[in-house]
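For reference, the structure is listed below as structure tokens.
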Amino acid sequence: MVWDQDKEATKDNYASQTIVLDQILHELDTLNIEQKNNQRFRVDVSAEALPALLSLLKGRAGYTQLSAISCVDWEDEFELVYHLWSYETKVLVSAHIRIQYTPAVYVSVYDIYTPAGFFERDIYEMYGVYFEGSPMMEKFILTEWHGPAPMLKSFDTLKYVNDMFNWQEYQPDWLKEIQAKGGKVVS
Amino acid sequence: MRAENYQAVTHPESHEFELNFGPNHPGIEGNYALKVRVNGDKIVAAKADGGYLHRGFEKLMEGRLWIQNIALVPRICVPDPVPMEMCYALGVEDLCQFEVPERANWLRVLQLELSRIAAHLFTFGGHAATVGMYSNMFWGIADRDLILDMFEQMTGGRVYHMYTIPGGVRRDVGVEQLDKISDLLDYLEKRLSDYDNLFFNNKIFIQRARDTGILTPKQALSWGVTGPNLRACGLAFDVRRDDAYLCYDQIDFDIATETAGDALARNLVRRKELAQSIYIVRQVIDYLKKDKSTHIRCQIPNPLAWKVPAGETYTRVESSKGELSFYIVSNGGEKPYRVHVRGPSSMHAVQVLEKLVTGGRLEDVAQIMFSLDACPPEVDR
Amino acid sequence: MSVLDLDHVFFLLIVNIGIAVLWGNRPFVGKILTLLYILEGLSILTSYHVLLSGAVLSSSLTFTVMQQTVQWQLGVSGGFFALITFMAAGLATWFSSGVWARSYAPIRLLHSYMALNVAAMLLLLASNDFLGLFIAWELVSLVSFLIIAINGGRSAKAAYSYILYAFLGAMAILLALIIIWNATNSFSYVEVRHHWSTMSVNRQLIVVLLLITGFGIKMAILPFHRWQAPAYAYVPAPVAAFLGAISSRMGLFALFIVLLQVVGIDVIQTLWLPFEIINMQTFLLWLAALTLIIPTFIALRQTDARLLLAWHGIGQGGFMLLGILSANALGTAGGIMHVFNHASYQAALFFAVFSVSYRTGTADLDRLGGLVTRMPISFTVMLVGIIGLAGLPPMNGFVSKWLIYKALLDEGMPLLFLAAVIGTLGTILSVYKLIHNTFLGQLRLEHENIKEVPWSMSIPMMILASIVFITGYFPGLLLESIAAMQSTLGISVVDYHLGGVNTGKGNLNMIVVVSTMLMAIGMGALIFFVLGNPRKQVTQWDNYAGGHFLTSDMRYQYSHNFYPGLMRVISPLYRNTIFWLESAIVSTVQFMAHISYALFMQANYLLYLILLVVISLLWVLAV
Amino acid sequence: MSGQHIFLELILMPLLAFMIGLFLVLMMRKVRARIERRVGPPFLQPLWDIIKLYVKKMQISHGVIHDLGIIMLLGGYITAEVFLPVPGMSGFTSQGDIITLIYLMMVPSLGLALGVGQCANPNGSIGISRALTAMLAYDIPFIVVIAGACLYYGTTDLTEIIALQKSQQWGLLSMPILALAGLIAIHAMLGKEPFEIYVAPAEIATGPMVEMSGKYLGSLFVMQCLQIYTITVLYTSLFLGGGYTWFDFIPKLFLVALLPVMITVIFPRYKTDDVLRWLWKWPTGLALLGLAIVVLQG
Amino acid sequence: MKDVIPIQTNNTETIAVSKNSKNIYQQAIDTFSNFCRARSLFVLHYCTGCGAIELPPAMTSRFDMERLGIQPMVTPRQADILLITGYVSIKTLKRVILTYEQMQGPKYVIGICSCTVNGGMYWQSYATAKVLSEYLPVDMYIAGCMPRPEAVLTGLQQLMKKIEKGEANSWENYFKRYDYYLGNQQHLFGDTWHTPTDILEEARHYHLYGAESTGNNTARLIKYTVEHDLTKLDAPLREKDSMTKRGKK
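Written out as structure tokens, the structure is:
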């Protein structure tokens, strides 16, 4: 299992990759592929078709690594991005889906990719998007946080901080010296 | 005490008890916790507990200017901060379509590889300390400090450098400085044989580390393991070569692999990588000495009113822990719309650690954690 | 002093049995029985100086069979053992006389069987020839069976296994007696000793081996040790203490009489096993050493406190045998002294363990913990007991073990010395686990309202604990009668004084050692309490847990598999060799027992029985 | 001996032991620091540590047994010092021989074990379990060494053993193999790497010391001093002919302590079962060989 | 060194506690105690934030803390100094307070890194506490992001000087003004916040129990523990109270 191919073969792979993805396109009708460069593909897909796409990519095209799942809050809907990497062809495919804002629920892909557990839990904590079927949905980072999901654009962290915390006067001698020389904080 | 810390558990019939590794425990790397349930000295179940280092980085970055975030990103991973800057800079450059000068890329590689050497020396020290070999820790961390000195001379920062900025680097590095680095590398190579004698060839260490925390290639792939941990299973994957960035495609280096997949193999992979990094840095020094260009960054707009074109990008960098990725989304504004950080340890420190520790022995918990080189701040962000 | 003192004792014992049988379940009767036992002990103690001078207490009870006059005489060794018996029985009855008795339904049976046991044991101790010994031996076996089976259930099963072993032992003894009779035409100890050399060497060998088998079964010497621990562990507290303390020592007493008084240690030393592979004495010493080590390390694995103690009882028996067989004044003294010491701390430990299980309802070491704040007296007793059992100064266990170590070193047996130390180290590991898992560590939620046991239970424990300490402080108290015993047996006598022994090549003066220890501990306390600020006690939840908060529902106690590293190394031994050997032997024995049982149950069993006896006789005569 | 004399020795012997022990600890820390390319602690650092711990304003106790354990620990070692002959003072050596001494040295361990048990911290209990396992491991070779030496000298009285060595030759020369095995055993007794299983910070957070604070920890530091002293004196008495005067006695002690310290820094720690296997294989084998030679000679 | 800024923390006002006039003997003992305390400092091995990365260099061969008599220690029971190395997230702060309360007086807190002063780089973060001295009495801040090992060592040496003079007493304020600190903690963690250590009793033990030790906040705490202590299973088992209040089943 050592992927030590020479560079020529790799280039062929890039070309063949488009063909593989095109084949998958035919099987899933709601798919839109965009090639950004040799090693980056962007795939837009409907939310319902994503699990099928991931299974196909993993099973047929050798995309064995789920690099990450990113969530973007577009204020009216969430965008989920699944970054998949193939060790054989050395291509990264980002599958983008959009899901509705309320109720923010989606299906888990834990059964296809084990690492999804971590990212889905993270998105659940940070955005409140619940993933059905994931065994790792208990809190991990924000176990002692009782506020709203903090990564939502609607959560104003500055306001929260001003409500919650005080500031102390901090005027050490060296700062006073600088201020005496005319230094000040640029705002 | 607090209900939120412990979901009520009934007293187990099987006489197991709970033991907490961390956050205040020498067997844990940084501020992190691993709750284990033990029977005798056998780990029955393990559960990682993070969030002690959570600062809300991603939220903070959304609230700051593109240029301000340069100061913020290296703080995501403390022992190995340069890849963080690098990854962010690559992303912004991709969005802005910057053409980065060649010399800047080589300077960046210099930084990256020195940082990798420092991080690996630190990891050896930590790993040695978990098995009670303190002299290796004392030596390794002292030698790492010499690299930090080089950083300080080059960038002005000892730990956090903020040297790499989108579009290039902040300063050039002179020939004298390169000579100093070259001398340091000579010294380190000499020291490596000492480390070999003391640590890597130490029979008792080998006895302890061999067959501890074995990852099979299949497990490694399905659990999302990357970096040296993956290479220790015999899978030669390295972002530097396979998803090449900067000028790594012009540099000659081997991908260090081992086949056993245990703590010893992971350690030996790092040991080999250390030698490879020294080799790479020597190439970079040669290039930088020959190259007479002084162009180290491209033209960047007024940083206080810098609007990055709308778009999204996914950039990956090989850090000393594994594959590090940033997903950056811009809506054309002065601040990032969304930055998602995928630290390599987010896999290693949670799912992989839990699974490797379970079924093992109490003696090996700390060793497995350090052999995975898990870095909690990357997990918590 | 009247020579018929033994009659008084026998009379008192009959009264004892009568009271127990007639009014055994009345609440006050336990105390009366205790008093009677004390009275019996006192009546021996008052004439103890006579015994020390070499005279005997005899009974008027005699009968004659096969031209042998069987009579009962209590010598100094019998007196010593009898005192231990009365101490154990008295304290055990006291322990069961109070609140405990109300919760225990078959109390009348318990009192009666206890009295019967004591009586039978006294008969054994006072026996003066092989016939009397055999009769008393069978009685002891029978009443032991009754008392072991008292609880039904697991203990009845163990009792059944015991009676099978006892049957085997009785057969062996009977066979030996037949051979002896055949050769010497007498059962009297003196006569047998006189005519011993007339037997052929092979026959001597067989007799010695048969007697060791027969009596060794009672003290559970290897490889007949499997029955004892379950039999002693699952009986009620007083019974367990009584059995563990003294009952199994009857085997040792018989062996002691036979090997030292009748056969003589010099004879043992000259006997060789077939093909001259090993000297009889060396063989027996190594058997004793194995009896010490193997049960001790089996005890280390137990999770039930009662089983743990029962297995240690077997192991300590090995210690006694090791001392007695060392053929050295110090060793013999150590061996006999260990009988007393073991009786005192073993009874104390059993009482402490049963106090805990009386209050908590369990003796499972994985379900206890932190009870020291709730049951301080039981803790103290157990602490004294485990220091004694582990053989550390200042308790009495140390003195007897020291004598045995010293004897083994003096006799030039360093490997046996090593074996003895390994046994002690295993004991230390095991008893720390016992006290840690019971009394130290986290107090469990369900044990929060536990209280100390009532006085009727704690006073006997405290008496035993103080005996353990006092005889450790002044071992000369015991060494006096042991020296008398040695001189009556005609073996070399230990040079003792109140504080210990002088050997010229390394002395022991416990008065100095213990006084220094007390003084040093005083100095330690002075350093600890005078220097520095006063202490402040915190709750057990205010504890380091890696920076986490502790809750009462969280199990934060290390108990199960207490020595995992050690077990990784030695558990293959348990599983494969020792365990295999043990179970092979035991199942063979049990298989034989089953076969003989099946044969016995046939309709014309008499025929089989006669056939068996005839065949054995023919075989023996042919040898 | 007059009562006054005895009383003086009772005070003086533990005190001297403590003072020499402080310097032994200092030497250990210094040597270790030097090999690790450090400067190491100041001259009186061990003493400052102990005093600082004793003058803490709060002494957290987990119960009476916690205190009792510490007292037993101090008392046990003070007793052991009185039974150890040193030049000019023999204490009660004639009243308790080397076997007594070995068992007296177990009393502090039991005290520590009880005190730690009361703390209700599994880390501490695991530490004790490992310490007792280690004791079983190193005591077996050590006992063989003692048995061999006692057989050779024909006595178990320490003063006589020393006198015999002074009149004939040192045990080191007459029983070199036993002396070597003994040296390995005392290395394990000192609990230094690779036998440091019961402290093991990364595994069980310093084990027995986990809940020890203030003077409790201070007493453990005192115990460390006394332990090093006791072990080195015992070894010196058995194999290096004890001391003629204090001037040759103290260098011998430092030499005996130095050897384990020098090699300890290059080892990681064994696992618990490996400690047992190793100690039961090599030092025990050596010790048995030495014993066989002694038996065959004698 | 510019980085080291020992600043006055907000506990300058002295609180009247019944002061025993000390005789010469006691003063001598105090002086000697402080002398020893200053020469032997045990640092708790707890990396609360990124500043901890500069502690290994400070401990190891290059800077070697041990030559100053400073040693790392594992558990709070053994340690004298709590180094808060950088930002403390709310989750960590709870553990820090638990750890601090488990330490024994005299105990010292050093806030390393700018984040402990005013939140530093993470001033707008919802997850980190900003002013450390609101929750714990801080003896000294060492600012910088992050302060170099030299700065850490210089700071520790300054603390040693303070200890030797007997001036490093801010830990006493935690007991004298417990109500204040508890109030801030409750503000952040909610009214149900409580730790296993009974601070008020310890204050009496130290003879530091004063007028400001108790107040509304401690009343709330006591009310909570009385209400919940003995009914909820996951509440701590308080040995002292349990015998009377938890009746026989």
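Chains as they are written, first to last, in numbering that gives the first Met the number 0: chain W, 0 to 186; chain S, 0 to 380; chain V, 0 to 622; chain H, 0 to 297; chain E, 0 to 248. Just so it is clear, CB atoms sit at the ideal spot from N, CA and C, and this is done for glycine as well. Note that the structure is predicted; figures quoted are calculated from it, not measured.
Between residue 217 of chain E and the rest of its own chain, which residues show a CB-CB distance below 7 Å, the 5 nearest in sequence each way excluded? Excluding sequence neighbours, residue 217 of chain E sits near 177, 178, 181, 199.
Put residue 324 of chain S into one of helix, strand or coil per three-state DSSP. The answer is strand: DSSP assigns residue 324 of chain S an E or B state.
Start and end residues, beta strand (DSSP E) containing residue 36 of chain W: DSSP places residue 36 of chain W inside the beta strand (DSSP E), whose first and last residues are 30-36.
N- and C-terminal bounds of the alpha helix (DSSP H) containing residue 195 of chain H: From DSSP, residue 195 of chain H is part of no alpha helix (DSSP H); its letter is neither H nor E.
Are the C-beta atoms of residue 428 of chain S and some chain W residue less than 8 Å apart? A question about residue 428 of chain S goes unanswered here, because the residues of chain S that appear run from 0 up to 380.
Buried/exposed call for residue 488 of chain V, threshold 16 Cβ in 10 Å: The residue is buried, with at least 16 neighbouring Cβ atoms inside 10 Å.
Strictly below 7 Å CB to CB, what residues from chain S border residue 558 of chain V? Residues of chain S passing the Cβ test: 14.
Residue 265 of chain S to residue 371 of chain S span [Cα, whole Å]: Roughly 7 Å separates the two Cα atoms.
Under a Cβ-count criterion, where at least 16 other Cβ atoms within 10 Å of its own Cβ denotes burial, should residue 75 of chain W be classed as buried or exposed? Classification for residue 75 of chain W: exposed.
Can you name the residues that DSSP bridges to residue 243 of chain H? DSSP output for residue 243 of chain H lists no bridge partner at all.
For residue 122 of chain S, count neighbouring C-beta atoms within 10 Å of its own C-beta (all shown protein chains included) and say buried if the count is 16 or more, exposed if not. Taking every protein chain shown into account, the CB of residue 122 of chain S has 16 or more other CB atoms within 10 angstroms, so this residue is buried.
Would you check if the segment 166-180 of chain H and the segment 216-225 of chain H touch, i.e. whether three or more CB-CB distances between them fall below 8 Å? Pairwise C-beta distances place the segment 216-225 of chain H out of contact with the segment 166-180 of chain H, as fewer than three of them are shorter than 8 Å.
Name, in chain order, the residues that DSSP records as bridge partners for residue 535 of chain V. Answer by DSSP bridge pairing, in chain order: H:59.
With 8 Å as the threshold, decide whether the Cβ of residue 7 of chain V is near any Cβ in chain H. It does not; no Cβ of chain H falls within 8 Å.
Near-chain S residues of the segment 351-370 of chain V (beta-carbon distance less than 7 Å), N- to C-terminal order: Within the segment 351-370 of chain V, the qualifying residues are 365.
Pick from S:89, S:128, S:351 that is closest to residue 225 of chain S, judged by C-alpha positions: For residue 225 of chain S, the closest alpha carbon among the candidates S:89, S:128, S:351 is that of S:351.
Give the DSSP-derived three-state secondary structure of residue 224 of chain V in the structure shown. DSSP places residue 224 of chain V in coil when its eight states are reduced to three.
Let me confirm a value: residue 186 of chain H is counted as buried when at least 16 other C-beta atoms fall within 10 Å, else exposed. Which label applies? Counting other Cβ atoms within 10 Å of its Cβ, residue 186 of chain H reaches 16 or more and is therefore classed as buried.
Looking at the strands, I want to know which residues DSSP matches up with residue 83 of chain E. DSSP lists E:110 as partners of residue 83 of chain E.
Which of helix, strand or coil does DSSP assign to residue 3 of chain E? With a pLDDT of 41 at residue 3 of chain E, under the threshold of 50, the predicted position of this residue should be treated as unreliable, though the coordinate-derived value follows. Three-state result, residue 3 of chain E: strand.
Helix, strand or coil at residue 84 of chain H according to DSSP, with G and I counted as helix: Of the three classes helix, strand and coil, the one that applies to residue 84 of chain H here is coil, per DSSP.
Pick from W:157, W:105, W:61, W:86 that is closest to residue 80 of chain W, judged by C-alpha positions: Out of W:157, W:105, W:61, W:86, W:105 has the C-alpha closest to the C-alpha of residue 80 of chain W.
Where do the ends of the alpha helix (DSSP H) carrying residue 4 of chain H lie? For residue 4 of chain H, the uninterrupted alpha helix (DSSP H) segment begins and ends at 2-34.
Please confirm if residue 140 of chain S has its CB atom under 8 Å from at least one CB of chain H. Chain H contact via Cβ: absent.
Candidates S:249, S:105, S:214, of which the one nearest residue 233 of chain S by Cα: The residue from S:249, S:105, S:214 with its alpha-carbon nearest to that of residue 233 of chain S is S:214.
Would you call residue 593 of chain V buried or exposed, if buried means 16 or more other Cβ atoms sit within 10 Å of its Cβ? Classification of residue 593 of chain V: exposed, given that the 10 Å Cβ count is below 16.
Report yes if the CB atom of residue 485 of chain V is closer than 8 Å to the CB atom of residue 121 of chain H, and no otherwise. In this structure, residue 485 of chain V sits away from residue 121 of chain H, with a CB-CB distance that is not shorter than 8 Å.
Can you check whether the CB of residue 154 of chain W is closer than 8 Å to the CB of residue 148 of chain W? Their beta carbons are under 8 Å apart, which means residue 148 of chain W touches residue 154 of chain W by this criterion.
Do residue 333 of chain V and residue 220 of chain V come within 8 Å of each other at the CB atom, strictly closer than that value? In this structure, residue 220 of chain V sits away from residue 333 of chain V, with a CB-CB distance that is not shorter than 8 Å.
For residue 26 of chain E, decide whether its Cβ has a neighbour in chain H, counting only Cβ atoms nearer than 8 Å. Taking 8 Å as the CB threshold, residue 26 of chain E stays off the interface with chain H.
Going straight from the alpha carbon of residue 95 of chain E to that of residue 117 of chain E, what length do you get? Approximately 17 Å between the Cα atoms of the pair.
If you compare alpha carbons, which of S:18, S:79, S:90, S:57 is closest to residue 156 of chain W? Taking only the C-alpha atoms, the option nearest residue 156 of chain W is S:57.
Inter-residue Cα distance where the pair is residue 248 of chain E and residue 366 of chain V: Summary for residue 248 of chain E: the model assigns pLDDT 28, below 50, so the residue's position carries little reliability, and this model does not support an answer.
Can you say whether residue 2 of chain H is buried or exposed, counting buried as having 16 or more other CB atoms within 10 angstroms of its CB? So residue 2 of chain H ends up on the exposed side.
Count the other CB atoms within 10 Å of the CB of residue 369 of chain S; is the residue buried (16 or more) or exposed (fewer)? Classification for residue 369 of chain S: buried.
Cα separation between residue 252 of chain S and residue 317 of chain S? When rounded, the distance between both Cα atoms is 14 Å.
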